[in-house]
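To keep things clear, I will list the structure first and then write my remarks on it.
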Amino acid sequence: MTSVSQFAQYLLKQDPQRNQARLTLFNYMKHVLDPSLPFSPAVLQNFYARVLQFDHWQAEAYALSETVRADVEGFLKLPSTGLQAEPFLSLRHSDTLQIVPLKLFQDLEDLVEFEHSARRKSGDTLKTVKISDTQILALLLSPAGTLEVKVYPNQALVWGARLRLVAPVTHLFYSSDLELMPQVRQVLEGSLMTTHCFHTDIEGVHGLVTRGYTFQKFETFIRAKLPETQDLFHSLKKVERHFIDAQSDPYYQEMVSRLERANRLLSNPSPDALAEAERALNRGRMGLKNVFPNDRLLTLLVTHLEYGINQRRNTPPGPVSGFHQHKTQ
């Protein structure tokens, strides 16, 4: 079996730094995909369905297809690949594809339903959630209880007489107890044109962050604790809040507990207590803004804590116990 990793190694020998299209293809194969995935026309078709979401590659579609065609043809000529060229002849390259925006959310929802109809017939349950004006969440629950999570933008590929979904910007896999499946490649959209490509195991999070339309490596994770990954963690919680009850989320429970304790600390006159309350307030504000927007309990706790801290700041301190000032005669 010829793997994605073998194709990436071939691209590396072609000096991808000298050609932006080749560099993008190499980075996608190297950074985004599972390296053990079999190399096939579907892999390349998915590559186009992802990169054509970037304005840059829509404008440079011809240059991109020229490079990919040449690299695939060169790779297939190697005797060591053992691949037949014929299946790749039906590949639709970027110069034959166009991206169209879906202005009505109902059209995007219908397209997601249509493209996953085979999964529903096989026994999976599909649920869609509008998570913004430009994105939809697709939840695929298997009969065994495992969950596949995809986030699609409001774009489609013109494919002959019909439309097809572009590649999901987020693709996650969960076990039946709603934990990220260990040792499985997870892809998660981050902020500022970043993509998190990672897997988890008992040692923590392993992977990297890519940035921009070339999928350039931006940051690496090795045995990281999930809550310490900041953008990855917040981006993950933003998605999970649509299908995981916040009350059962340990991070949510910890945040509520911290805010409740901070509110109690306000009765303690020590500066350390006030400083701890302020730290809890900053974390609470961040969680409310980035992870659990409009959550009623967090809003109440943060608002109460803000009021209490402002009261403390505006109240002059009383005399220190055991010390009395005497008026100068």
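Just so you know, we're using this note's numbering here: the sequence shown kicks off at 12 and counts up by one.
Every residue gets a Cβ at the ideal spot worked out from N, C-alpha and C, and that includes glycine.
Note that this is a predicted model, so its numbers are computed, not measured.
Determine, using beta carbons only, whether residue i and residue j come nearer to each other than 7 Å.
{"i": "His67", "j": "Tyr224", "result": "yes"}
{"i": "Gly201", "j": "His210", "result": "no"}
{"i": "Leu299", "j": "Leu309", "result": "yes"}
{"i": "Ala32", "j": "Leu75", "result": "yes"}
{"i": "Phe58", "j": "Tyr39", "result": "yes"}
{"i": "Ser133", "j": "Thr157", "result": "no"}
{"i": "Phe65", "j": "Ser14", "result": "no"}
{"i": "Ala149", "j": "Lys161", "result": "yes"}
{"i": "Val216", "j": "Thr240", "result": "yes"}
{"i": "Lys248", "j": "Val302", "result": "yes"}
{"i": "Ser16", "j": "Pro46", "result": "yes"}
{"i": "Pro238", "j": "Phe232", "result": "no"}
{"i": "Leu151", "j": "Arg130", "result": "yes"}
Can you tell me which of the options puts its alpha carbon nearest to the alpha carbon of residue i?
{"i": "His253", "options": "His315, Pro304, Arg269 and Arg294", "result": "Pro304"}
{"i": "Ala291", "options": "Ala81, Ser268, Leu63 and Phe99", "result": "Ser268"}
{"i": "Val195", "options": "Phe232, Phe99, Gly218 and Leu102", "result": "Gly218"}
{"i": "Asp106", "options": "Pro112, Leu152, Gln56 and Asp121", "result": "Gln56"}
{"i": "Gln69", "options": "Phe99, Ala178, Ile110 and Thr136", "result": "Ile110"}
{"i": "Thr35", "options": "Arg222, Gln117 and Leu94", "result": "Arg222"}
{"i": "Ser143", "options": "Ala155, Tyr263, Tyr163 and Thr136", "result": "Tyr163"}
{"i": "Pro52", "options": "Ala155, Glu84 and Val43", "result": "Glu84"}
{"i": "Thr78", "options": "Pro46, Phe229, Arg29 and Asp118", "result": "Arg29"}
{"i": "Pro193", "options": "Pro46, Ile213, Ala172 and Pro154", "result": "Ile213"}
{"i": "Ser246", "options": "Thr231, Leu203 and Met266", "result": "Leu203"}
{"i": "Thr181", "options": "Val43, Tyr21, Leu122 and Leu100", "result": "Val43"}
{"i": "Ala155", "options": "Asp306, Asn293, Asp135 and Ser101", "result": "Asp135"}
{"i": "Glu159", "options": "Ala129, Ala96 and Leu183", "result": "Leu183"}
{"i": "Glu71", "options": "Ser281, His104, Tyr318 and Ser153", "result": "His104"}
{"i": "Asp26", "options": "Lys228, Leu89, Asp82 and Ala172", "result": "Asp82"}
{"i": "Thr205", "options": "Lys24, Leu48, Val54 and Val62", "result": "Val62"}
{"i": "Asp118", "options": "Asn325, Asn293, Arg173 and Lys24", "result": "Arg173"}
Could you pull out every residue in the same chain whose Cβ sits closer than 7 Å to the Cβ of residue i, ignoring the five residues on either side in sequence?
{"i": "Ala284", "result": "Leu276"}
{"i": "Arg323", "result": "Leu277 and Leu285"}
{"i": "Ala288", "result": "Ala273, Leu276, Leu277, Leu316 and Ile320"}
{"i": "Gly93", "result": "Thr13"}
{"i": "Tyr263", "result": "Ala257 and Phe303"}
{"i": "Lys41", "result": "Ala19"}
Using the Cβ count rule (16 or more neighbours within 10 Å means buried), how would you classify residue i?
{"i": "Phe86", "result": "buried"}
{"i": "Phe37", "result": "buried"}
{"i": "Asn274", "result": "buried"}
{"i": "Ser332", "result": "Confidence at Ser332 is low in this model, with a pLDDT of 43, below 50, so its placement is unreliable and no value can be given for it."}
{"i": "Phe226", "result": "buried"}
{"i": "Ala60", "result": "buried"}
{"i": "Gln197", "result": "buried"}
{"i": "Met266", "result": "buried"}
{"i": "Leu115", "result": "exposed"}
{"i": "Pro282", "result": "exposed"}
{"i": "Glu97", "result": "exposed"}
{"i": "Leu22", "result": "buried"}
{"i": "Pro1", "result": "Residue 1 lies beyond the residue range present for the chain, which begins at 12 and ends at 340; the question has no answer from this structure."}
{"i": "Tyr185", "result": "buried"}
{"i": "Leu100", "result": "exposed"}
Beta-carbon within less than 6 Å of residue i's beta-carbon, same chain only, minus the 5 sequence neighbours each way: which residues are those?
{"i": "Gly175", "result": "The question names Gly, but residue 175 in the sequence shown is Arg. Closer than 6 Å at the Cβ level, and outside the excluded window around Arg175, lie Leu168."}
{"i": "Gly295", "result": "Leu270 and Val313"}
{"i": "Gln146", "result": "Val162 and Pro164"}
Since residue i sits in a beta bridge, which residues does DSSP pair it with?
{"i": "Leu174", "result": "Val169"}
{"i": "Gln95", "result": "Gln95 pairs with nothing; no bridge assigned."}
{"i": "Pro164", "result": "Gln146"}
{"i": "Arg222", "result": "Thr205 and Gln227"}
{"i": "Phe232", "result": "Gly218"}
{"i": "Asp212", "result": "Gly215"}
{"i": "Thr139", "result": "Ala149"}
{"i": "Leu183", "result": "Val160"}
{"i": "Leu191", "result": "Tyr185"}
{"i": "Ser14", "result": "Pro49"}
{"i": "Ile110", "result": "Leu168"}
Could you pull out every residue in the same chain whose Cβ sits closer than 8 Å to the Cβ of residue i, ignoring the five residues on either side in sequence?
{"i": "His335", "result": "Legend: pLDDT at His335 = 43, less than 50; position of this residue unreliable, value from coordinates given subsequently. For His335, where only same-chain residues beyond five positions count, there are no Cβ hits under 8 Å."}
{"i": "Gln166", "result": "Gln64, Ile110, Val111, Pro112, Leu113 and Val177"}
{"i": "Ile255", "result": "Leu189"}
{"i": "Glu124", "result": "Leu137 and Thr139"}
So, does the CB of residue i fall closer than 7 Å to a CB anywhere in chain D?
{"i": "Glu287", "result": "Of the protein chains in this structure there is only one, and it is not chain D."}
Could you tell me whether any non-hydrogen atom of the ligand ADP is closer than 6 Å to the CB of residue i?
{"i": "Thr181", "result": "This structure simply doesn't include the ligand ADP, nor any ligand for that matter."}
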